[in-house]
Amino acid sequence: MGSSTQHYLGEYYSRYGVFLARHPAAVLVVSLLLVAALLPGLAFLQVEEDVFYLFSPLHGRWREEKAAVERHFPSDERDFDPTRLTSLARGVDVMFEDLRGESVLKESALREILRFHHEAIALEANVSGAVYTFGDLCAESRGTCLENPLLQATGYHGENIANLTVTWLKDATEGKVAEAKQLVTSGLSVLSVFCMLACLRRGEGWLGTWRRSSPLLGLAGVLSGGFAALSSGGLLGYCGVRISDIAYLAPALVLGVGVDDMFIMLAAWRRTDPADSLESRAGQALREAAGTITITSLTNALAFGIGSLSDFPYARTFCGYTALAMLFDYFYQPVSTHLSISCPLAGDLCRSVLLLYYYRLLPVHLRTAPPSPTLRFLLENLVTFFAALLVFSGRMEYPSSVLPRCHDNVPYSKLQNGGKFAKVSKNLEPRNANVYEDDTNFAEVLLEDSPKRRMEVWRERTQQMRMSTIEELDPEFEDSKSLNDADESLGRRLGRAITSRQTLVWLACVYCTYLFVAGAGIASLEVRDLSRDDWIDRNSPVYVAVECDKKYFSDFYPAVTIVIEGDVDYWNVTTQRTMMRMLSRMEELDHMNDGVATQTWLRHYVSFLKLTRGSSNLGREEFLRALKEEFLSTYLFGKYRKDIVFSPSGTIIASRFILAGKGVKGKALAIATLNKKLRDIVDDCPFKASVFSFVFPIFEQFYYVRETMAKNVIAALVSMMLVTLLFVPKPVYSLWIGLCILSIDVGVLGFMSLWGISLEPVAVSIFTVSIGFSVDYAAHITVHYAVSQSKGRREKAIRALCEVQLPVVLGAASTALCMLSAGLGSTYVFTLLFKVIILVIVIGCAHGLVFLPAALSVLGPGGKVNTMPSV
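Its first residue numbered 702, the sequence shown is counted upward by one per residue in my numbering.
Okay, structure coming up:
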């Protein structure tokens, strides 16, 4: 199946190459029109700033628990209680630390704190002509601003400071977005220069002619990736999708992959015979590059597509954006409307994938609506950009006087008439008269010979005439041919060195050591949560505040709310004892405070009844009457009014208890375990109960990290294997690619641990997409090995290495340059992306250029696979 698919794909790529050589300007214009149509959508693209939403699992249990709390006990800033929060408070944490390590309760320190407080509450905000002070915005409790206990102790009564934390976190997020844009811009500049230099070819001295080097073609490859990133961003903007800040680094990944494809296409173009017609060269180049580019592009898009199915919005938005950009990049590189029309299978597949992402990324309430006719036209009429510029660059390789005489083969119909052929041959005849015999004799021979012979001689003679003309008008033509020979010689020397017996023994030892070290790294891999400082710029003042909070104030677990719903017989002594046992079991857990810190109205009410009536065993009516009229009406227990919800008939329909934790500093895994135990206790209760804390969404990551990783990795590997089975000539070659992918990913996962990377949602998503990148290095060498006509395993491996070593090295270097900008960032997420991609590049290159060719030279399939048809 893979062989027929590759044959089918190569044939239609060849037709597309001919079409493109004839109409490059039209294809280029349509490409630019598509970019221009999608570009305005970037103005509608927005960044999601809710960090709790981004890093919380979408389908976690916490959503139901939070809904239960907010349904019965919504937050009220006019009756504010910090222990009863269901989400991150809209407030500011002001922390004071003595620089000399002394107590902040000294008189001098307190004086400074009071001075700051006095200046802070005097600040005013002018919004639309209205002036607001902290007194207008403060959170209230019992009709007055909630005051700081320390300031109350000092006798200074003022208003609390409010609404600064949200502003600072927003500024920190905006700073991260600005940093990402700056890093991508700088990476784009460096990559453009690198690609232009990489396209230069050695001639006399170090550089050849501008015409044959085509350095601007490298810039065109970068623009192709840039257009893909802009187009996908514009499409998402039109669809109203909100992305995370890390998605601004997606263009760097798209540029790296796009440049990889450019080097593959450019290498295929330079391996064509310059004496062939422009149409023939374009068809041959696209046919040769079709297989590997299709495999790598689809696997990259699939890997990111699988990542977009993650349960974490942070990973979902990043992977969804990048997957769409990968598809656009594939279309801007080698695929066009002509392919969609000529090849129904490829066209339908591309349209289906784009339409799937169109619906997948739409808001829920819009997914049932079909795309507009304009958008459907853009999705179904895909165009190309780089391939058109490749043809223009190919035209530049011919001297201007050669193009009108050597652009095409002599039409075969002209050979049926000697006189007409004589007129045509004057336009093609070289000045070197020794090449042919007389035109008339040439025509007579063709007319007298068999049709098959006439076709062979016709192709041979027209190619000889074109070659003679080019050599005469372009003295550097022989130099350009020798450059390909030099590149092949370098690859052959490298291949012979790698496949020698002595080297194979050393490589076997190195590979075993590699697997051992990677296995040790996997064994020591840790699972952790994403803390607040992971998504904050390390150079930001907010980061300093977060570190101070972790150092001094992170030992106490936020309040845990237990919600009891439904018709419960609170007046029943048995029910009271059941609830008390439940609370006691929770208070006895590690990292939970004892009953002194627990705020439970039922426990205090039972004590109140025993004190006032001698027993809590009252009837329903008396129990409820005493609760409302006696217990809750007192100043001491009046705070519990917020913990009991009465129905219009006076019965209790919901109530809550508040528990506190302790000793959890730096113990994220212990917190996750504590959350699970609390839920287990609640599940054992005979009545409807739930437990929630506003930090549950963050620590619930632990329940999904391993599960998500296993699911994503398996799905990615299966998808990669299916793609390779479709496009690789024989199933056995897909097996080789699969084993190479598995080996690369084992190394990446193991060395992630050794490089200080732990498993958390973002790391899992990036590792999942790295599976797609690892296919690139395995597919290039395997596909070229499969179609090689050389005899013997070693010669096939050497030949494959000759053809892919330079594009793979240049592609890896370009991707590394793109990721270097992320490595220079000051945010953990950016650094994480840099580390994982660099590991994939280094380990992937080692496999693609060393381990895999060596293994194929010894154990690879030896049979030949038919090449694709010529143009």
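The beta carbon of each residue, even a glycine, is placed where N, CA and C say it ideally should be.
In the structure shown, I996 adopts helical secondary structure according to DSSP, grouped into three states.
Look at E750 here: in three-state DSSP terms it is coil, with no helix or strand label. The count of Cβ pairs closer than 8 Å, one atom from the region 765-781 and one from the region 951-969, stays below three, leaving the stretches out of contact. Here DSSP, grouped into helix, strand and coil, assigns F774 to coil. Residue pairing from DSSP places V1346 in a beta bridge opposite A1355.
Counting of Cβ neighbours within 10 angstroms places P1432 among the exposed residues, the total staying below 16. M1283 and V1383 have their alpha carbons spaced roughly 8 Å apart. At the C-beta level, W1272 and G1320 come within 8 Å of one another. Assigned with DSSP and collapsed to three states, S1391 falls in strand. Pairing V1419 with T1469 gives a Cβ-Cβ distance that is not under 8 Å.
With a 10 Å radius around the Cβ and a threshold of 16 neighbouring Cβ atoms, E803 comes out exposed.
Contact check for F1393 against E766 passes: the beta carbons are separated by less than 8 Å. Here P1387 is exposed: its Cβ has fewer than 16 other Cβ atoms, across all protein chains shown, within 10 Å.
By the 16-neighbour rule on beta-carbons within 10 angstroms, W1302 is buried. In this structure T1018 is not in contact with E1288, their Cβ atoms being roughly 40 Å apart against a cut-off of 8 Å.
A distance of 8 Å or more separates the beta carbons of S1011 and S1471. Collapsing the DSSP output to three states places I1542 in a helix. If you ignore the 5 residues before and after G1448, its C-beta comes within less than 7 Å of the C-beta of Y1215, A1219 and I1544, all in its own chain and listed in chain order. The region 1448-1461 makes no contact with the region 1517-1529: fewer than 3 CB pairs, one atom from each, lie closer than 8 Å.
Nearest to E1496 by C-alpha distance, out of D974, T1200, A1016 and Y1015, is T1200. Comparing alpha-carbon positions, the option among V795, K807 and F745 lying closest to E1248 turns out to be V795. M963 sits in a helix when the DSSP states are folded into three classes. C-alpha of F1395 to C-alpha of I947: approximately 24 Å in a straight line. Within the same chain, Cβ atoms closer than 8 Å to the Cβ of Y1253 are found at M796 and E798, the five residues on either side in sequence being excluded.
When beta bridges are read from the DSSP output, E1266 appears opposite A1355.
In this structure, DSSP gives A1224 a helical state, which the three-state scheme calls helix.
In the DSSP assignment, Y1271 falls outside any alpha helix (DSSP H) and carries neither an H nor an E. The beta carbons of F1403 and A1373 sit about 4 Å from each other, so the pair counts as a contact at 8 Å.
When the five nearest sequence neighbours on each side are left out, the beta carbons in the same chain lying within less than 8 Å of the beta carbon of S1391 are those of E765, E766, A769, V770, I1263, V1264, E1266 and V1383, in order along the chain. By the Cβ test, the region 735-744 is in contact with the region 916-934, since at least three Cβ pairs between them sit closer than 8 Å. A straight-line Cα-Cα distance of about 7 Å links I1345 and I1353. In terms of CA proximity to E1322, D1270 leads the group R1342, S1285, K1311 and D1270. If you check the CB distance, F1552 and Y1212 come in under 8 Å. In its chain, beyond the 5 residues on either side, M1520, A1523 and G1524 have a beta carbon closer than 7 Å to the beta carbon of F1535.
Looking from the CA of V1476, the closest CA among G1439, V1406, R779 and V960 belongs to G1439. L1502 and G941 have their C-alpha atoms spaced approximately 46 Å apart.
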